[in-house]
Each structure stands twice: as structure tokens, then as C-alpha cells.
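Asks: Here it is: the structure, laid out below.
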Amino acid sequence: MKPFTALTAAAIAYASAETEFCGEQNKTETADYILYNNLWGAFDDPKGHQCTGLDSVDGSTIDWHTSFSWDGTAWQVKVVRQRSAQVRPQYEVMVWLQAIGGAGPLSNTGKPIKEVNVGGVDFSLYHGKNGNMTVYSFVAANTTNSFSTDFKQFFDELPANNSIAPEQYLINVQAGTEPFVGNGKLTVSKYSAAVHTV
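Be aware that the sequence shown starts at 1024, since it is given in my numbering, and climbs by one per residue.
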């Protein structure tokens, strides 16, 4: 199995818990979040499948899960995340809480540019490009099953020569898994995210 779990600087933003949904771009909404079953890249694996379900809603906190079975290659990525056609982001900041089976972050050199500790967890910071978008990936040194922090700390840890210009603004907050091969299930308990202006 080669999925990885990532929290990215991007909001899963009216529904009670319901059965799984398995179609491409199927979604359900709560007051605060949109939960997508995004099967981008699934055409490369017609026998594969992925289903997502909202398990509970408690105010601005949700429990949800995604189960999948994919036979794709390392370059056929299936993503559970929101699409946005109106904007073209210049930066993506990813926070990997787990990497399994050889999945790795985008990197110009294959080596981290910095080692940091955020929220009591040790991370290696990688820097790479996805087309015209600059990607910063904080990859946890060890599997992290529970995590809570002010994500601004990740931005504060970017080296001065890799910082994001202050005129940039946050487009969305996303969470999910990006499996490309194997069988598995991601279960998320007590997920919440809030964006505050300063």
C-alpha cells in the first residue's frame, strides 16, 4: 500500500451523517465543510474504486472516512480534495502526518531544506514545483495519528529565502489522503479547522 496522509493549507467548507458516496466529485456539505470524493486520475485504473462517508457532525467538528482500492502506478495520483477553477494558486503548503510505501514529497533535490518542530512533532521541510506552483511539504518524521496546532507556525518556519510574500492570501484549507496504489481506509475523528484574520 502506498498512500500518504496530508493536511494542506487549503477549508473542507449542511448535512448530517449519511451513507458512503462513491462517484467522481460526489460530495456532502455541513455548515462549515464540503466533503468531496474526488477521483481525479481514476480513468487510469478502471477497476479501482474509492468511497467517502461523513460519520458525524458536532458543531464545527466532523468525523469522516475514505476507503479505496487502486492498482495504479506511482504517477497516477487519486486525490480527495476540493477543486477550484476560479483561482490559480502560486503556493501550496502541505503537512504530511504519515507517508507509507515509498510516497514522497515534491522536491528539487530529494533532500529537506530544513528540520523543524511544530506542535510537538518533528518535520522535514521539502521544497519543489508542481508546474508553476511552488510546493512546500512538511513531512512528519514518524507516523502522527493526532495533531492540533496553529498552522501559521508552518508558514513562520519557511526559510527567509523561501518565504511567501505578505500580499498572498489563503484560498482554502484541505485535508485528506492521496493514495495511488493499494487498499486502505483513512478514518478521521474530530476534524476541525478555522481561519482567523489578523
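We put the beta carbon where it would ideally sit given N, CA and C, even for glycine. These numbers were taken from a predicted model, which means no experiment stands behind them.
Alpha helix (DSSP H) containing Gln1197: first to last residue?
Replies: Translated into the one-based positions of the sequence shown, residue 1197 becomes position 174. Per DSSP, Gln1197 belongs to no alpha helix (DSSP H); it is in the beta strand (DSSP E), 1197-1200.
Asks: To the nearest angstrom, how far is the alpha carbon of Thr1167 from that of Lys1070?
Replies: Your numbering for residue 1167 matches position 144 in the sequence shown. Your numbering for residue 1070 matches position 47 in the sequence shown. Whole-angstrom Cα-Cα distance: 31 Å.
Asks: Can you grab the Cα-Cα spacing for the pair His1150 / Asn1165, in whole Å?
Replies: By one-based count along the sequence shown, residue 1150 stands at place 127. By one-based count along the sequence shown, residue 1165 stands at place 142. If you take the alpha carbons of His1150 and Asn1165, they lie about 19 Å apart.
Asks: Using 8 Å as the Cβ pair cut-off and three pairs as the minimum, do the segment 1154-1162 and the segment 1110-1117 touch?
Replies: Touching, per the Cβ criterion.
Asks: Does the Cβ-Cβ distance between Trp1093 and Val1204 come in under 8 Å?
Replies: The residue given as residue 1093 occupies position 70 in the sequence shown. The residue given as residue 1204 occupies position 181 in the sequence shown. Yes; because the gap between Cβ atoms is below 8 Å, this pair is in contact.
Asks: Is the beta carbon of Tyr1059 less than 8 Å from the beta carbon of Gln1048?
Replies: Taking the first residue of the sequence shown as position 1, residue 1059 is located at position 36. Taking the first residue of the sequence shown as position 1, residue 1048 is located at position 25. Result yes, Cβ atoms of Tyr1059 and Gln1048 sit closer than 8 Å.
Asks: Three-state secondary structure (DSSP) at Ala1216?
Replies: Along the sequence shown, read from residue 1 onward, the residue named residue 1216 stands at position 193. If DSSP states are grouped into helix, strand and coil, Ala1216 belongs with coil.
Asks: Which of the three DSSP states is assigned to Asn1061 in this structure?
Replies: Along the sequence shown, one-based indexing puts residue 1061 at 38. Coil at Asn1061, not helix or strand.
Asks: Out of Tyr1192, Leu1077, Gln1113, point me to the one whose CA is closest to Gly1154's CA.
Replies: The count along the sequence shown starts at 1 and reaches residue 1154 at position 131. Cα-wise, what sits closest to Gly1154 is Gln1113.
Asks: Can you tell me whether Phe1066 is buried or exposed, with buried defined as 16 or more other CB within 10 angstroms of its CB?
Replies: Here residue 1066 is taken as the residue at index 43 of the sequence shown, counted from 1. Under this definition Phe1066 is an exposed residue.
Asks: Return helix, strand or coil for Asp1145, following the three-state DSSP convention.
Replies: Your numbering for residue 1145 matches position 122 in the sequence shown. In the structure shown, Asp1145 sits in a strand (DSSP, three-state: E or B).
Asks: Does the beta-carbon distance from Thr1084 to Glu1043 come in below 8 Å?
Replies: For the purposes of this step, residue 1084 is identified with residue 61 of the sequence shown, where counting begins at 1. For the purposes of this step, residue 1043 is identified with residue 20 of the sequence shown, where counting begins at 1. No, the Cβ-Cβ distance between Thr1084 and Glu1043 is not below 8 Å.
Asks: Give me the Cα-Cα distance between Val1102 and Ala1183, rounded to the nearest whole angstrom.
Replies: Position 79 of the sequence shown, counting from 1, holds the residue named residue 1102. Position 160 of the sequence shown, counting from 1, holds the residue named residue 1183. For Val1102, the pLDDT reaches just 37, beneath the cut-off of 50, and the residue's location in the model is therefore unreliable, leaving the point undetermined.
Asks: Residues bridged to Glu1052 by DSSP?
Replies: The sequence position of residue 1052 within the sequence shown is 29, counting from 1. Partner(s): Ile1057.
Asks: May I ask which residues mark the beginning and end of the beta strand (DSSP E) holding Phe1161?
Replies: Against the sequence shown, residue 1161 aligns to sequence position 138. Taken as a continuous stretch (DSSP letters only), the beta strand (DSSP E) holding Phe1161 covers 1156-1163.
Asks: Distance, Cα to Cα, Ile1123 vs Ser1186?
Replies: Position 100 of the sequence shown, counted from the start, is the residue given in the question as residue 1123. Position 163 of the sequence shown, counted from the start, is the residue given in the question as residue 1186. Roughly 28 Å separates the two Cα atoms.
Asks: State the DSSP-derived secondary structure class of Ala1183, mapped to helix, strand or coil.
Replies: Walking along the sequence shown from the start, residue 1183 turns up at place 160. Correct three-state label for Ala1183: helix.
Asks: Does DSSP put Gln1113 in a helix, a strand or coil?
Replies: For the purposes of this step, residue 1113 is taken as residue 90 along the sequence shown, with counting starting at 1. Correct three-state label for Gln1113: coil.
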